[in-house]
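Using our numbering, the first residue of the first sequence is number 257, and each one after it goes up by one.
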Amino acid sequence: MSFDLLHTDPSSSARAGILHLPHGDVETPIFMPVGTAGTVKAVHQQELKDQVHAQIILGNTYHLYLRPGMEVIQQAGGLHKFNHWDRPILTDSGGYQVYSLSKQRKIKEEGVKFRSHIDGSIHTFTPENVMDIQRQIGADIIMAFDECTPYPCDEKYASRSMHMTHRWLDRCIARHRETEGLYGYDQILAPIIQGSTYPHLRKQSAEYIASRDMPINAIGGLSVGEPHEDMYAMTSIVTDILPKNKPRYLMGVGTPANILECIALGIDMFDCVLPTRNARHGLLYTSRGIIHIRNEKWKHCFDAIDPASPAATSREHSLSYLRHLTISGEALGAMIASLQNLSFYLSLVRQARQHILDGTFTTWKSGILPIISNPFSN
RNA sequence: GGGGGUGCGCCGGAGUUGGAGAGCCGGGCCAGACUGUAAAUCUGGUGUCUCUGACUGAAUAGGUUCGAGUCCUAUCACCCCCA
């Protein structure tokens, strides 16, 4: 595994690079579709390649561990074999579920005891067994076990939690070092910066994470409800500290505008459920702006969903038809909408990368932002 | 042709022993939310108006009553049984 930093934008901190992973190269900046349970919801792997041009997708330790369970994943030969995705995969550690399933878990120094959302059974995640589980899943990039703090979060709690996440990181690193990949290739471990919205904590956390000298550095605990200005401010603080020759991964971000702004701050990798979840809920991101496809105004509009989309389905099918499918609850509606949003996101970061290489990123960004972050009206 | 029954919201259902309905539940429809996915989910609205308040409203037209969606008469529509 290695990272080539090809170019840094002179008028911002935006970077273009290539990340070499066991299952292939990833051109950064990149957006990674979220495939929690071994599937990017409503999108087939073949379409992820041919229509979306996804280079790397996510999986989730918590969900895969509970179902189908590690016995099945190992028997399949790892997640790549199980879901027939031969490009890179990154698995989240379950740290986000410590936040999102907070009502049914208890955090201690040793680890997190939680109740399954599927059958109520009791389980425990520790930094050590989360490493073991991610070995069994076999992703190219595995995440350290952390606590994603909620927003708002008082400073005392944020500080205590951050220090615990740092101690957990060292346990993850130790376990990662004393084990190896089960399927014949290396897996790289990514540590996660925390610190809520407190600048001095973020600075402290970024310095700690940088000192561990891991090949990728991640930023967590953002986009959990804080104002966008806070998210940008925290991102800016840590990208100033993190080493330039390693990719920076901003976890869980975000809207198309968030992504462009954070690329400008020096972020290389993103993931977010917004394009897929919003697609299923009828909100489309298009090259002409945001569309609420359920709205009655599209009932008689037979224009293409997005004439500039890389996805053939978005050029061939009309807004009226997609509205009909969505309102009828047809599975095909979720599929076409997910293809639209994901191909838009991937196209957006490809364009950003090209403009970084061409030296035109900042002007391009300020031109496209007002279009893509506002409603489209025909 | 004879007998019995039922009619209120865009649709279906519940309920109303003559006593406060713009009013219960579900669906539909119209909007909104969603950021390392407990989410094909959730929230709100859905008679009219000059909208912090009024007005109209229980098939239609009358009647009884302090008071009628509820009782009576006629008409209309639909359903069931007999011929």
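Glycine is no exception: its CB is placed at the ideal position from the N, C-alpha and C atoms.
A quick note: this is a predicted structure, and the numbers were derived from the prediction, not measured.
Taking 8 Å as the upper bound for CB-CB distance, residue 595 and residue 403 are not in contact here, some 35 Å apart.
Setting aside the 5 residues that flank it on each side, residue 353 is surrounded in the same chain by 318, each with a C-beta closer than 6 Å to its C-beta; the list follows chain order. Pairwise C-beta distances place the stretch 418 to 436 in contact with the stretch 381 to 401, as three or more of them are shorter than 8 Å. The C-beta distance from residue 608 to residue 285 rounds to 6 Å, short enough to meet the 8 Å contact threshold.
According to the DSSP assignment, residue 258 belongs to the beta strand (DSSP E) that extends over 258 to 264. Here DSSP, grouped into helix, strand and coil, assigns residue 490 to helix. Pairing residue 623 with residue 617, the inter-Cα distance amounts to about 10 Å. Its chain contains 347, 390, 443 and 445 as the residues whose beta carbon lies nearer than 6 Å to that of residue 398, once the 5 sequence neighbours on both sides are disregarded; these appear in chain order. By the Cβ rule, the stretch 504 to 515 counts as touching the stretch 525 to 542, because three or more pairs are nearer than 8 Å.
Runs of the alpha helix (DSSP H) spanning 4 or more residues and lying entirely within the stretch 448 to 495 occur at 455 to 467, in chain order. Rounded to whole angstroms, the Cβ separation of residue 503 and residue 466 is 13 Å, and the two are not in contact under 8 Å. Taking 8 Å as the cut-off, the beta carbon of residue 540 is found closer than this to the beta carbon of residue 593. Sequence-distant partners of residue 555 (beyond 5 residues in either direction) whose C-beta falls short of 8 Å from its own C-beta, in its chain, are 576 and 579. One Cα belongs to residue 326, the other to residue 292, and the distance between them is close to 15 Å.
With contact defined as three or more Cβ pairs closer than 8 Å, the stretch 482 to 494 and the stretch 446 to 459 are in contact. For residue 531, no beta strand (DSSP E) segment is defined; the enclosing uninterrupted segment is the alpha helix (DSSP H) at 530 to 536. In the DSSP annotation of this structure, the continuous segment of the alpha helix (DSSP H) that includes residue 320 starts and ends at 317 to 322. Here the alpha carbon of residue 264 sits roughly 21 Å from the alpha carbon of residue 288.
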